[in-house]
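Asks:
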Amino acid sequence: MGSMISRPRQRAHAPQPPTLPLDDDDLLSEILLRLPRHPACLLRASLVCTRWRRLLRDPGFLRRSRAFHRTPPVLGLFRISQRSGRFVPVGEAPDRVASAAFALPDAASWVLLSCRHGRALLRSRPGWLQLLVWDPITRHRRCVRLSRLGCHVKACNATVLGDPVGVGRREGSFRVAFVFTGNGRASACVYSSETSAWGRLITAEAPCDDVCDKPSALVGDAVYWLLDEGGILELHLGKESLASVEPPPHAQSHYLGNIQLMESEAGVLGLADVKQYSLHLWVREADGDGNANWVLRTAFDLSVFAPPPGMTPRITFVPPIKILGVDEGGDFAFLRTICGIYMLSLDAVAVQLEKVSDAGLMEIVCPCSSFFVAAPSHGEPCRKFAEK
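In the numbering used here, the protein residues as written are 1 to 388.
Have a look at this one:
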């Protein structure tokens with residue numbers, strides 16, 4: 001018999017341990033993407049470990065996060081007033097930002113006009129000599145000088161806009177839309193930070209009332225301002241045209257100026273108005289012939305703020321509910337009531353209210369929305385969370 005040759009026994013390899021979900025960067029990114037959109041939440045998550053911080057600060061993740069959440073959260077309200085531009089934070093701890101972090105620069109010399117795309121626009125006081133574009137997160141400022149206005153000018157307003165290519169970028173390019181009225185005429189022009197110059201003067205052909213001091217609404221490539229007698233002024237940026245737009249029927253007589261313009265959920269011009277204890281939401285839709293008409297989309301019953309029958313409150317407001325402002329995404333309206341300032345969700349089927357402040361003397365507010373927040377450790381902005 002031939003000799004038996006024994007072969008060496010091969011050592012069995014231990015099976016690889018299964019990959020845990022949190023060990024997979026792609027899967028972890030999907031989980032982090034679904035965290036609440038408030039910037040303080042991402043900031044806290046970045047402190048968990050170096051790996052989480054690397055994923056959260058990746059420019060690709062930040063782009064996906066903004067696309068996933070679409071509109072930035074409201075961090076607080078700027079009170080628009082000749083005497084004060086105080087910032088009122090929105091939300092509860094630990095997401096509630098510090099009001100000092102949004103203190104206006106040299107409030108005695110500037111009046112707040114608007115907030116949009118992460119920036120605020122202020123004008124000098126007294127008079128309209130220059131404008132200041134201010135980033136509350138990076139604290140970056142840029143002054144824009146205005147030409148001397150004629151004595152016929154009775155009212156002015158302005159808003160800041162992120163450039164189409166640079167929306168969401170910190171210290172990126174921007175535009176300022178400036179409108180002024182007087183003697184029944186309206187004119188406007190647009191400043192570009194790319195050229196550091198104002199564009200051509202645009203004048204409306206039809207006469208109109210004076211522009212009021214409420215913040216504007218940006219819808220697509222057009223900016224809309226309310227006029228004193230209830231009309232609407234449209235500045236189309238692409239066409240470089242200025243024209244009047246009719247409001248919903250009887251808007252001024254029914255709601256007595258208790259009106260705010262906004263971008264609707266459908267991406268068209270919207271208008272929110274309040275009469276007594278009811279808020280109506282209008283949208284301007286095009287019919288089959290291309291003509292735009294106002295359609296009443298929703299009515300919110302706010303009778304929860306009405307006093308019980310037979311009871312007279314010690315303090316009364318006229319009107320009892322006033323709409324102070326709408327956030328730039330058209331998601332929330334801010335209401336002044338006898339019980340304080342409340343935030344009403346405009347995209348909810350049922351009435352959803354959240355109390356914001358006990359203050360009751362506000363007339364106009366400008367909601368401040370941002371995906372970014374200043375880091376609490378050294379007081380420096382989280383610039384990594386500001387990259388695109």
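Yeah, the Cβ is synthetic: ideal placement off N, Cα and C, and Gly gets one too.
Here's the rule I'm using: 16 or more other beta-carbon atoms within 10 Å means buried, otherwise exposed. How should VAL304 be labelled?
Replies: exposed
Asks: Given a threshold of 16 other Cβ atoms within 10 Å of its Cβ, counted over all protein chains shown, does ILE31 qualify as buried or as exposed?
Replies: Exposed, because fewer than 16 other Cβ atoms sit within 10 Å of the Cβ of ILE31.
Asks: Can you grab the Cα-Cα spacing for the pair GLY172 / GLU194, in whole Å?
Replies: Approximately 9 Å, taken between the alpha carbons.
Asks: Nearest-angstrom Cα distance between SER370 and PRO72?
Replies: Their Cα atoms are separated by approximately 5 Å.
Asks: Do you know how far the Cα of VAL133 is from the Cα of ILE80?
Replies: 16 Å
Asks: Classify VAL165 as helix, strand or coil using the three-state DSSP reduction.
Replies: With a pLDDT of 48 at VAL165, under the threshold of 50, the predicted position of this residue should be treated as unreliable, though the coordinate-derived value follows. DSSP places VAL165 in coil when its eight states are reduced to three.
Asks: In the DSSP assignment, what residue or residues form a beta bridge with HIS280?
Replies: ASP273, ALA299
Asks: Is the distance from the Cβ of LEU112 to the Cβ of GLY85 below 8 Å?
Replies: yes
Asks: So the beta strand (DSSP E) SER192 belongs to, where does it begin and stop?
Replies: 185-192
Asks: For LYS154 and TRP128, what's the separation of their Cα atoms in angstroms?
Replies: 12 Å
Asks: Between the Cα of PRO307 and the Cα atoms of LEU256, PRO320, LEU281, which residue gives the shortest distance?
Replies: The residue with the shortest Cα to Cα distance from PRO307 is PRO320.
Asks: Please tell me whether VAL176 and LEU131 are closer than 8 Å, where the distance is taken between their beta carbons.
Replies: Going by C-beta atoms, VAL176 is nearer than 8 Å to LEU131.
Asks: Please classify GLU171: does DSSP put it in a helix, a strand, or coil?
Replies: Here the model assigns GLU171 a pLDDT of 48, short of 50, so the residue's position is not dependable, and the following value carries that caveat. Correct three-state label for GLU171: coil.
Asks: Tell me which residues share the same chain as ARG152 and place their Cβ nearer than 6 Å to its Cβ, disregarding the 5 neighbours each side in the sequence.
Replies: In the sequence on display, residue 152 carries His and not Arg. Once the five neighbours on either side are set aside, the close Cβ partners of HIS152 are GLY182, ASN183.
Asks: In the structure shown, what three-state DSSP assignment does GLU229 receive?
Replies: coil
Asks: Return the CA-CA distance between ASN291 and LEU104, expressed in angstroms with no decimal places.
Replies: 43 Å
Asks: Buried or exposed: where does LYS239 fall if 16 or more other Cβ atoms within 10 Å of its Cβ makes it buried?
Replies: exposed
Asks: Between THR312, SER278, ASP289, LEU218, which has its C-alpha nearest THR298's C-alpha?
Replies: SER278
Asks: Thinking CYS368 and LEU77 are a contact (beta carbons under 8 Å), I'd like their distance in whole angstroms, please.
Replies: With 8 Å as the limit, CYS368 and LEU77 qualify as a contact, their Cβ atoms being about 7 Å apart.
Asks: Can you check whether the CB of SER244 is closer than 8 Å to the CB of SER114?
Replies: In this structure, SER244 does not lie closer than 8 Å to SER114 by Cβ.
Asks: Rounding to the nearest angstrom, what Cα-Cα distance links GLY168 and GLY162 in this structure?
Replies: Summary for GLY168: the model assigns pLDDT 44, below 50, so the residue's position carries little reliability; its value from the coordinates is reported in the next sentence. Their backbone Cα atoms lie some 7 Å apart in a straight line.
Asks: Where does PRO39 land, buried or exposed, given buried means 16+ other C-beta within 10 angstroms?
Replies: buried
Asks: Taking the CB atoms as reference points, tell me whether VAL356 and PHE334 lie closer together than 8 Å.
Replies: yes
Asks: Let's test the definition: count the other Cβ atoms within 10 Å of the Cβ of ARG116 and tell me whether it reaches 16, buried, or not, exposed.
Replies: Counting Cβ neighbours within 10 Å, ARG116 comes out buried, since at least 16 surround it.
Asks: Please identify the residue among ALA206, LEU261, ARG185 whose C-alpha is closest to the C-alpha of ALA222.
Replies: Relative to ALA222, the option among ALA206, LEU261, ARG185 whose CA is nearest is LEU261.
Asks: When the Cα of ARG185 is compared with those of SER196, THR203, SER192, PHE174, which residue comes out closest?
Replies: Nearest of SER196, THR203, SER192, PHE174 to ARG185, Cα basis: THR203.
Asks: Contact check, ASP228 vs ASN157 under 8 Å by CB: the rounded distance?
Replies: That belief does not hold up - the Cβ atoms of ASP228 and ASN157 are roughly 11 Å apart, past 8 Å.
Asks: Within a Cβ cutoff of 7 Å, which residues of the same chain sit near LEU201, ignoring the five residues on either side of it in sequence?
Replies: SER187, CYS189
Asks: Buried or exposed: which applies to THR50, given that a residue is buried once 16 or more other Cβ atoms fall within 10 Å of its Cβ?
Replies: exposed
Asks: Going by Cα to Cα distance, which pick from GLN276, LEU296, ASP273 is closest to ARG284?
Replies: Nearest C-alpha to ARG284: LEU296.
Asks: Residues bridged to GLY182 by DSSP?
Replies: ARG185
Asks: Which residue marks the beginning of the alpha helix (DSSP H) containing THR50, and which one marks its end?
Replies: 50-56
Asks: Counting only the same chain and skipping the five closest in sequence on each side, list residues whose C-beta sits under 6 Å from that of LEU361.
Replies: For LEU361, where only same-chain residues beyond five positions count, there are no Cβ hits under 6 Å.
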